[in-house]
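What follows is a single structure, written as structure tokens, with notes after it.
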Amino acid sequence: MKVCSLHFKKDYLFPDVEANKRRFKHRCVPSQNLLKSSHERFSNAQLAKERAAQAE
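Each residue of the sequence shown is one higher than the last, beginning at -8 in the working numbering.
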């Protein structure tokens, strides 16, 4: 599986000098540059407008 290294802390990667590739340490989890959840993307005012429009 290919995964972009921008989603992992630098501590989770170690260089593979022979193959010139980056490799992840065992059991690392992506935690950087993730998409915001839907409730974080919109302000409360935007959500209120959307809910009012849906109610009509």
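Yeah, the Cβ is synthetic: ideal placement off N, Cα and C, and Gly gets one too.
Nothing here was measured: the structure is a model prediction, and the numbers come from that model.
Per the DSSP secondary-structure output, L4 pairs in a beta bridge with F15. Around the CB of F(-1), 16 or more other CB atoms lie within 10 Å, so the residue is classed as buried. Taking the C-beta atoms as reference points, R18 is found no nearer than 8 angstroms to F5. For Q45, the three-state secondary structure derived from DSSP is helix. Excluding sequence positions up to five before and after N24, its CB lies within less than 7 angstroms of the CB of L(-3) and H(-2), all in the same chain and listed in chain order.
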